[in-house]
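**Student:**
Number of protein chains: 4
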Amino acid sequence: MMSEFFGDISPIKFEGPASSNPLAYRYYDPGRVVMGKTMEQHLRFAVCYWHTFCWDGVDPFGMNTMDRPWIGQSDAMAGARLKAEVAFEMFSLLGVPYFSFHDRDIAPEGATLAESNRNVQVITDLFAEKMQETGVNLLWGTANLFSHRRFMAGASTNPDPDVFAYSAAQVKNALDVTHKLNGQNYVLWGGREGYETLLNTNMQRELDQMGRFLNLVVDYKHKIGFDGTILIEPKPQEPTKHQYDFDVATVYGFLKRYGLEDEVRVNIEVGHAVLSGHSFEHEIATANALGIFGSIDANRNDYQSGWDTDQFPNNVPEMSLALYYILQAGGFTTGGLNFDSKLRRQSTDPADLLYGHIGGMDTCARALLAAAAMHESGDLNALVSERYAGWDSEVAQAMLSRESTLESIAERVERENIDPQPKSGRQEYCENLVNRFL
Amino acid sequence: MMSEFFGDISPIKFEGPASSNPLAYRYYDPGRVVMGKTMEQHLRFAVCYWHTFCWDGVDPFGMNTMDRPWIGQSDAMAGARLKAEVAFEMFSLLGVPYFSFHDRDIAPEGATLAESNRNVQVITDLFAEKMQETGVNLLWGTANLFSHRRFMAGASTNPDPDVFAYSAAQVKNALDVTHKLNGQNYVLWGGREGYETLLNTNMQRELDQMGRFLNLVVDYKHKIGFDGTILIEPKPQEPTKHQYDFDVATVYGFLKRYGLEDEVRVNIEVGHAVLSGHSFEHEIATANALGIFGSIDANRNDYQSGWDTDQFPNNVPEMSLALYYILQAGGFTTGGLNFDSKLRRQSTDPADLLYGHIGGMDTCARALLAAAAMHESGDLNALVSERYAGWDSEVAQAMLSRESTLESIAERVERENIDPQPKSGRQEYCENLVNRFL
Amino acid sequence: MMSEFFGDISPIKFEGPASSNPLAYRYYDPGRVVMGKTMEQHLRFAVCYWHTFCWDGVDPFGMNTMDRPWIGQSDAMAGARLKAEVAFEMFSLLGVPYFSFHDRDIAPEGATLAESNRNVQVITDLFAEKMQETGVNLLWGTANLFSHRRFMAGASTNPDPDVFAYSAAQVKNALDVTHKLNGQNYVLWGGREGYETLLNTNMQRELDQMGRFLNLVVDYKHKIGFDGTILIEPKPQEPTKHQYDFDVATVYGFLKRYGLEDEVRVNIEVGHAVLSGHSFEHEIATANALGIFGSIDANRNDYQSGWDTDQFPNNVPEMSLALYYILQAGGFTTGGLNFDSKLRRQSTDPADLLYGHIGGMDTCARALLAAAAMHESGDLNALVSERYAGWDSEVAQAMLSRESTLESIAERVERENIDPQPKSGRQEYCENLVNRFL
Amino acid sequence: MMSEFFGDISPIKFEGPASSNPLAYRYYDPGRVVMGKTMEQHLRFAVCYWHTFCWDGVDPFGMNTMDRPWIGQSDAMAGARLKAEVAFEMFSLLGVPYFSFHDRDIAPEGATLAESNRNVQVITDLFAEKMQETGVNLLWGTANLFSHRRFMAGASTNPDPDVFAYSAAQVKNALDVTHKLNGQNYVLWGGREGYETLLNTNMQRELDQMGRFLNLVVDYKHKIGFDGTILIEPKPQEPTKHQYDFDVATVYGFLKRYGLEDEVRVNIEVGHAVLSGHSFEHEIATANALGIFGSIDANRNDYQSGWDTDQFPNNVPEMSLALYYILQAGGFTTGGLNFDSKLRRQSTDPADLLYGHIGGMDTCARALLAAAAMHESGDLNALVSERYAGWDSEVAQAMLSRESTLESIAERVERENIDPQPKSGRQEYCENLVNRFL
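Residue numbers (UniProt numbering), protein chains in the order written: chain G, 1 to 438; chain U, 1 to 438; chain S, 1 to 438; chain L, 1 to 438.
(1) What does DSSP give as the partner residue(s) for G:Lys37 in the beta ladder?
(2) The beta strand (DSSP E) spanning L:Arg257 covers which residue range?
(3) Hey, residue 477 of chain G and G:Asn267 are a contact pair by Cβ (cut 8 Å); roughly how many whole angstroms apart?
(4) Should U:Gly211 be labelled buried (16 or more other beta-carbon atoms within 10 Å of its own) or exposed?
(5) Out of S:Arg118, S:Leu337, S:Trp307, point me to the one whose CA is closest to S:Ile296's CA.
(6) The beta strand (DSSP E) with S:Tyr27 in it runs from where to where?
(7) Let me confirm a value: G:Met35 is counted as buried when at least 16 other C-beta atoms fall within 10 Å, else exposed. Which label applies?
(8) Report the neighbours of U:Asp247 on chain S: residues whose CB is nearer than 8 Å to its CB, in chain order.
(9) Skipping 5 residues on each side, what residues in its chain have a beta carbon closer than 7 Å to that of S:Ser3?
(10) Note down, in chain order, every chain U residue with its Cβ under 7 Å from the Cβ of L:Asp302.
(11) Would you say L:Arg150 and S:Pro422 are within 9 Å of each other, going by their C-beta atoms?
(12) Identify every residue that forms a DSSP beta bridge with S:Ile268.
(13) For the stretch 186-200 of chain U, which residues have a CB atom closer than 9 Å to at least one CB atom of chain L, in sequence order?
(14) For the alpha helix (DSSP H) that G:Ala46 lies in, which residues bound it at each end?
(15) Start and end of the beta strand (DSSP E) containing G:Tyr186?
(16) Sort G:Ala389, G:Arg415, G:Thr405 by Cα distance to U:Pro161 and report the nearest one.
(17) Report all residues from its chain with a CB closer than 8 Å to the CB of G:Ile12; omit the five preceding and five following residues, and keep chain order.
(18) From the DSSP output, read off the bridge partner residues of U:Thr178.
(19) Taking only the alpha-carbon atoms, compute the straight-line gap between G:Arg402 and U:Asp208 and give it to the nearest angstrom.
(20) Using a 10 Å radius around the Cβ and a threshold of 16 neighbouring Cβ atoms, would you call S:Asp176 buried or exposed?
(21) Any Cβ of chain U within less than 9 Å of the Cβ of L:Pro350?
(22) Exposed or buried, which one is S:His222 when buried takes at least 16 other CB atoms within 10 Å?
(23) One question on the structure: do S:Asp302 and U:Ser424 come within less than 9 Å of each other, judged by their Cβ atoms?
(24) Can you tell me whether DSSP reads L:Thr157 as helix, strand or coil?
(25) What is the DSSP secondary structure of U:Phe151, reduced to helix, strand or coil?
(26) Note down, in chain order, each residue of its chain lying with its Cβ closer than 6 Å to the Cβ of S:Thr229, except the 5 sequence neighbours on either side.
(27) Going by other Cβ atoms of all chains shown within 10 Å of its Cβ, with 16 needed for buried, is L:Thr178 buried or exposed?
(28) Give me the Cα-Cα distance between G:Leu406 and U:Tyr220, rounded to the nearest whole angstrom.
(29) List the residues of chain L that U:Phe146 touches, going by C-beta distances under 9 Å, in chain order.
(30) Which residues, in chain order, does the stretch 409-431 of chain L contribute to contact with chain G at a C-beta distance below 7 Å?
(31) Throw me the rounded Cβ distance for the L:Gly190 and L:Gln243 pair, which I believe falls under 8 Å.
(32) Answer with yes or no whether the minimum CB distance from U:Gly225 to chain G is below 9 Å.
(33) Three or more C-beta pairs closer than 8 Å, one from the stretch 406-417 of chain U and one from the stretch 166-175 of chain G: is that the case here?
(34) Could you check the C-alpha separation between S:Asn144 and S:Arg192 for me, to the nearest Å?
(35) Identify whether U:Asn301 lies in helix, strand or coil by the three-state DSSP scheme.
(36) Which word fits residue 469 of chain S, buried or exposed, when buried means at least 16 other C-beta atoms lie within 10 angstroms of its C-beta?
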């Protein structure tokens, strides 16, 4: 059975850079081997359920613009099944290896949590069949703890302990189905974990609640034998005025505080990085330095808009630097490249969903080629190593060890009359070097 | 001997809110008792040396506009002595209890570090006399590890270990003189500890260097018996593209990583908070929640400028909320309220230095009155407590303890069919409540 | 008949600054005379229909949180009538003299434009009665040309001329009913007049369309004898990536280009000013300088959020400076102070609607008192006049007239060896002066 | 005579994309013909004097880092001559056809304006010889009306009319020498034309002064027969809190107000566009739409820094879109591509000056190839034309002409029951199309 939503569009194929076919890949050639792995194995693309199948063009100033036959059906479970149908058709058309979802994306909320959970289970059973048929796998699952009004003041950080309990129960189910579908990761995005105003908020209490909640999740993961990675997705704000998981460095401090730095990693989104005042590659490099890199939400943020625009990636230089730092740290393990990207509101045709993903996948594939070439050339690494070479000396290493003290170092500076001379950092040279690979 | 820099201006006195004398305090009444302490004891005002006595109006697009007779003297030490003269005259005119300085603010760089250190010691000996005479004390000292070209690629995070060593030796001297002058705190601001481009940077290495450096400083502090507080001052960027001490939460993670969260606290600046995408009160509340609040750099940032404008505080509501959170946490201990504030470039008269500080001090004094009234009324605290009251129940507390698991909670949610209902957060009510005290 | 929506709350009364009654005015005393007019005559408060009665707490990440009985009624016109009932009850409770609306706020969209127009006419007939009963008047009306999907690519700037036509017809009706209700102004906000991407946009064409549209509106206004003011509301972006009416200065250039600078004025919103990188008082002062000041949308934007937060005003200093510049230019004529302000999403109680407006009105009333005192003191004006006094000389005026040339001026500079010396701008002095009145 | 500043570096040659020589062009091939003109004719590259030869690494937090032998010479005119020597050597090494300067970049300020003017004349006479020798031409000259303390409160907008006069005399001389050197344009950047605080400012007065000043300049240009273009460079802020020439649209309104829209055009800088909340291509497209496009200052702004970072261009996609819109409007006439770009402070080697320019020139050359291919393909233009095709009908054109009225249009909408249906804007398709050419 085919839904006919995409009409007679054929599966998207690689045709090479010279192709002008808008429904072909120009760079994404899944089987092409780069640095010992195929492109597919490197990039681990996932299509997300929410933007792709649940959003119909509503924005804060306007109604829906897109006609999605599965939205608004009187039989909500029938709508959910049609949605799944179209979703797996699209995964197949694109040839992506993974997808990702929130529990509420895939199945309607019921009258009780028990009923909601059952709805989710029904649809995930359907997913299991379709995954079998198509070979598409689950990159990650997650629970939507932000859309319903009960979460308006937070999930685990809610002033009402019943919301904490409800959230725990909902996450348990979401983690169960993610486990059943052999998900590679489980994600927590604290969309409402933060505050609208400090005036009515007890931050310390809320952080403790959130730390406790995450420990509950980690304990349960081990109990059921889920060996995927637990990921936190940092975001500075929106929908709340301020979110606790502001950025990678903040999440690291939170994990340290609650003893979770070896258990939990981060899922970094381009747009969230931008909103928090960082570059995307900064967030990745920070996660590498702190040992908590996990996965990415690939998209693009409009640099002139102060909110999360979730556009499809099309900026090759931005994505190349990101993938360079990911390759530097050994590439993805359980993580992958999830398109947390949505169409512009005026892109109302079904084919636009394909154009968005094709462009995003080609951008990332091209960026992978650039990043791999940059990495393999070793030029930049050599330059960096050379810049810090002075630290290899014995006397330098001694300063980093417990042997030295401020006094002993000061004494040596005076004795040797140390007077360090600046040396060019060669930034423009480095930037030109990078441009050679883009 | 008087320098005559300020002409015949008399010491600034409290004249009350009705006064229209621009050279009088309208709110700052040092001896007035508020919540059991005098205003002077609460606010612990400090005048900073750098903006006030070292800056002559230069900006990135223009030359100096202010005539400061001590700048550019051919005998640099004579200039430094004149500067000290004027500084203590000004402290006395204003009646401030504290001041603060970088080593390079107070004495010229010598041909060697040893000579630079001696210059600093000469002037701090002069300070000791003047402090004795005037009763003015030292809120904090610090070392300037960012202006000289040797620090262009960082101090402790420099790729050249000799700069690390040089910095260690310079900090030792700065800490020694701070200790000698009975400074209440010692501050580290990592102005160049960050990067201009990730391309030539090894972030992990640099963070480890910085962590080691701070441990050296803490060890030395204990060795010499300095019982002031070691403070880090977060700032997201400027002069570097990205500073490692981005904001309070980032600094917390850094301290945890290097085992220093019980040794080091933060000195929070209004302008730095704004540049990092937070409100000032957010940074204070965060430091309170994480247990690392230390001191503040009071100023104001232009909300439309994307750089550190360091204006004198004049926003009573902004400062009132900050002081409210400081009072909530018990007020300053070793910390204080340092004016990291500078005149606008066109404010070229000596009297402008007084207007700036008078306005800033009155703003803070008025804010203290508002904050204390808000705190004493207890209305906001009661509202917050009531909002979280549900957590006092046994079953709620059990969720926070080790007894509960995700499963046990989920089981209870289903059994009791828990369906939490949202309750108004009453933000506008809270905001109106605050306005009652401003 | 009473709707009972607000329960047994009594009309809000002035009780003075000492009152701690959250349902009383502390500063807004409608009949109090300030600078020769009552507060009510100065401030000309208006409650807006859209945020207050049409929004139920939906945000881009979440469902409705507020229960508004008139939303979602199966008989949409019955819902519209109930909404009108509650609206006028609230106007009376607050004692506001004005309200404002979009056509689609007050009545449901019909199957055709003709039917939609009739729905609007039915409700505005009801308004006429209620206005008669209550004495509440209409500050302005406007047409919603942005919510329906037909406007997704703009109204007058749409690539499809049928949308231009449809918009013209809709505006005609909205202007007709505004005229019938004796509206003081008619507003155009170009929510979708801009672009999502330049790539598919012909900017010149769209500007010409928009210029033509506005001329059509102005011509029609004169034809029907509407003597209210036509107002454009600048906003830089959101919902579009970029709006053509970016800020006051941009609107001025647009009006000049299409010959409308004497016909149209601006309605300036606090939040829109902030989003465009200006202070609110800057936008007002600019409109004054260019002769196009009209009215204001009073609200407040969160300074850390990059989108339009539309919070109730509660920042007395910000509002005081704005009102100071408005008083400087003679105060409102047809304009007024419309609360384009909405509750926070968690403020779910009916009483929160009252708290929001009470706090906003008190903020503005207090700001009016401050602004009037500042204006009446004349201190700031005197300082400004004195600063430019040099321009009163004959030789200075000659430079501004057609007599002088670059050569004649240069010749005089050399002859007189003119060497201007800088003079303090006294910014901190001015800021302290302002704080004396706040 | 050679200065030996650049050691034994040979002139930079084109070696093609495969070259890994950091001192070669990979894309800039001056004689290569693109769309009927050589690359050199299209791009009209200019090296700027100020960043390249006058800046030594000083920043607001630090001293100079670069050793420039011509800075700080006791014989300032000898320093100026050495600087000119090195400058023309560098122009020749790079093979750029143009340069640009401020009067104060090239020669020291004298004791009087007359002496300053003579210094400028001496050096420009030297320039004339070197231009003859090397074939390098002047893209534009300008007067520095912002660095000296006399301009701290503005040049033409100064409250002191003597500063207006002084500025007029200085501009006369700068325009004279620009004319003598056959400059293609004359630029005015109002670095201090704005305000630090509205409180001490009369905006209307200052705008009138600025309008009058610009008219004086235009009159004088005609008088002396200068046929270059007068250009204004928009910038929103920095050094002032707010500059009057905020962005392109604001400048347009200003030109219209003072009757200069046919006389003056804009010089658009990448970084200034970014700071004003626009994309670079937006500013170019706006200038095209309003008929005032002139020239560009090519650079790049760090997207995470809130100040003018003036980095060398290296973002090919950003520059490609800009050049696409420039080609769409027919390419440069008198304008060109001036590198208002400076080294990073840590790039201290003379060779870094070459790396910066080489990278920038290659970025622009590569962008030109992409833009030309995009333009020549016509795909995007076709898509845009098709999108607006409905406007070609007679009835649509009638709405734009004076024949239609709001009533006649409304009558037709009702009669024909017009109900426009949205059509996909195909943004992702367009973006993919663009990526095909990058």
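All C-beta atoms, glycine included, are put in the ideal place defined by N, C-alpha and C.
**Tutor:** Taking the geometry as given:
(1) BP columns for G:Lys37 point to G:Val34.
(2) Not the beta strand (DSSP E): L:Arg257 falls in the alpha helix (DSSP H), residues 248-257.
(3) Lying outside 1 to 438, the shown extent of chain G, residue 477 of chain G is not represented and no answer is given.
(4) With a threshold of 16 other beta carbon atoms within 10 Å, U:Gly211 meets it and is buried.
(5) Scanning S:Arg118, S:Leu337, S:Trp307 for the CA closest to the CA of S:Ile296 turns up S:Leu337.
(6) Element bounds for S:Tyr27: n/a, residue is neither H nor E.
(7) By the 10 Å Cβ count, G:Met35 comes out exposed.
(8) Residues of chain S passing the Cβ test: none, with the nearest at roughly 12 Å.
(9) Result list for S:Ser3: Leu82, Glu85, Val86, Glu89, in chain order.
(10) By Cβ distance, chain U contributes Lys241.
(11) It is a contact, given that the beta carbons lie within the stated cut-off.
(12) Paired residue(s): S:Ile296.
(13) Result list: Gly191, Arg192, Glu196, Thr197, Asn200.
(14) Careful: G:Ala46 lies outside any alpha helix (DSSP H), inside the beta strand (DSSP E) at 45-48.
(15) Its beta strand (DSSP E) spans residues 185-188.
(16) That would be G:Ala389, whose Cα lies nearest to the Cα of U:Pro161.
(17) Only residues of its own chain outside the window of five on either side were considered, and among them Leu23, Ala24, Tyr25, Leu93, Leu94, Gly95, Leu354, Ile358 have a CB closer than 8 Å to the CB of G:Ile12, listed in chain order.
(18) In DSSP, U:Thr178 forms no bridge with anything.
(19) The straight-line gap from Cα to Cα measures roughly 13 Å.
(20) Result: buried.
(21) Chain U contact via Cβ: absent.
(22) The residue in question, S:His222, is exposed, as its Cβ has fewer than 16 Cβ neighbours within 10 Å.
(23) Going by C-beta atoms, S:Asp302 is not nearer than 9 Å to U:Ser424.
(24) Collapsing the DSSP output to three states places L:Thr157 in coil.
(25) Here DSSP, grouped into helix, strand and coil, assigns U:Phe151 to helix.
(26) The answer, listed in chain order, is Asn185, Arg265, Gly294, Thr334.
(27) Burial of L:Thr178 is indicated by the presence of at least 16 other C-beta atoms within 10 angstroms of its C-beta.
(28) Each residue's Cα considered, the two are about 6 Å apart.
(29) Within 9 Å Cβ-Cβ: Phe61, Gly62.
(30) Cβ proximity to chain G below 7 Å picks out Pro422, Ser424, Gly425, Arg426, Gln427, Glu428, Tyr429, Glu431 from the stretch 409-431 of chain L.
(31) Yes, they are in contact, since the Cβ atoms of L:Gly190 and L:Gln243 sit about 6 Å apart, within 8 Å.
(32) So, not an interface residue.
(33) These segments touch.
(34) Between the alpha carbons of S:Asn144 and S:Arg192 lies a distance of about 10 Å.
(35) It is coil, neither helix nor strand.
(36) Only positions 1 to 438 of chain S appear in the structure, and residue 469 of chain S is not among them; the question remains open.
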